[in-house]
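Protein chains in written order, with our numbering: chain Y, 977 to 1089; chain W, 323 to 437.
The beta-carbon is built from N, C-alpha and C at its ideal position, and this holds for glycine as well.
These numbers come from a predicted model, not from an experiment.
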Amino acid sequence: AQSVTQLGSHVSVSEGALVLLRCNYSSSVPPYLFWYVQYPNQGLQLLLKYTSAATLVKGINGFEAEFKKSETSFHLTKPSAHMSDAAEYFCAVGPSSASKIIFGSGTRLSIRP
Amino acid sequence: GAGVSQSPSNKVTEKGKDVELRCDPISGHTALYWYRQSLGQGLEFLIYFQGNSAPDKSGLPSDRFSAERTGGSVSTLTIQRTQQEDSAVYLCASSLSTSSYGEQFFGPGTRLTVL
């Protein structure tokens, strides 16, 4: 069975500060991991994905995530927050078949001016 | 447009009524997924279609929920005898293939409100 836990339903950072959104997963098989972003009143958009290649994955809009097997984590980071980064972020884990991607409960990111 | 489209964008219905939600996937995408997003919750997998294979219905919460995909393209999610707990945003996504771990492209969703 697989599961994913996102720590913190709401994170608030100042503009220009580091963004860190936490995701821990549980998987009995090598996982495939994803981060999606959802802007208000829109569908989800893929930010980045880990599929057993490089452990540091770079995505769009300056985001990146590092796969750490020993910590079963896939935290999302961005060095300097932008006002436009305010959105809901979802971590997801998939098995060998992407038909059963399991999504976390989401983290709402707010950016303070 | 080239993206996944869903209709209607908003649907308000009375308890006990049936509703149909429509999804138009990206042309050529063989896999189609339905998810439910309740307030403050993550995405709940409902059903998945892949080509001509039998759909994976393991996520449907009750027998009031059903879905079909005609001609390998458009999909309709039907909820019969709606209940207030069915109120949520219903998201559709499509991808090229499940075996390639391809990106899922999401539609904007249908917000369902059951009064």
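Point to revise | C-beta contact flag for W/Leu-437 and W/Thr-335 at 9 Å | key: The answer is yes: Cβ separation under 9 Å.
Exercise for review: Closer than 9 Å by beta-carbon distance: list the chain W residues that pair up with Y/Ser-1004, in chain order.
Suggested key: For Y/Ser-1004, there are no neighbours in chain W by C-beta distance under 9 Å, as the nearest C-beta there is about 18 Å away.
Practice item. Buried or exposed for W/Ser-417, please, with buried defined as at least 16 other CB atoms from any protein chain shown within 10 angstroms of its CB. Key: By the C-beta density criterion, W/Ser-417 is buried, having at least 16 other C-beta atoms within 10 angstroms.
Point to revise | The beta strand (DSSP E) enclosing Y/Val-987, as first and last residue numbers | key: Its beta strand (DSSP E) spans residues 986–990.
Review point. Got a sec? Which residues, its chain only, sit under 6 Å from Y/Ser-990 by beta carbon, not counting five neighbours each side?
Key: Once the five neighbours on either side are set aside, the close Cβ partners of Y/Ser-990 are Arg-1088.
Exercise for review: Using a Cβ-Cβ cut-off of 9 Å, state whether W/Phe-367 counts as contacting chain Y.
Suggested key: Taking Cβ atoms only, chain Y reaches closer than 9 Å to W/Phe-367, which makes this a yes.
Exercise for review: Tell me, please, whether the CB atom of W/Phe-387 is closer than 9 Å to any CB atom in chain Y?
Suggested key: Taking CB atoms only, W/Phe-387 has no neighbour in chain Y less than 9 Å away.
Check your understanding: Any C-beta of chain Y sitting closer than 9 Å to the C-beta of W/Ser-326?
Key -> This sequence places Val at residue 326 of chain W; Ser is not what is there. Output row for W/Val-326: interface = yes.
Check your understanding: Is the CB of Y/Gln-1018 under 9 Å away from at least one CB in chain W?
Key -> At a cut-off of 9 Å between beta carbons, Y/Gln-1018 contacts chain W.
Practice item. Quick one: grab the DSSP three-state call for W/Glu-336. Key: Judged by DSSP in its simplified three-state form, W/Glu-336 adopts coil rather than helix or strand.
Review point. Is the beta carbon of W/Thr-398 less than 9 Å from the beta carbon of W/Leu-434?
Key: For W/Thr-398 and W/Leu-434, no; Cβs fall outside 9 Å.
Exercise for review: Tell me, please, whether the CB atom of Y/Leu-997 is closer than 9 Å to any CB atom in chain W?
Suggested key: No, because no Cβ of chain W sits closer than 9 Å to the Cβ of Y/Leu-997.
**Study point:** Host beta strand (DSSP E) of W/Ser-380 (start-end)
**Key:** The continuous stretches of beta strand (DSSP E) do not include W/Ser-380, and DSSP gives it neither H nor E.
Review point. Which chain Y residues sit within Cβ distance under 8 Å of W/Leu-382?
Key: Going along chain Y, no residue has its Cβ under 8 Å from W/Leu-382, so there is no contact; the nearest lies around 14 Å.
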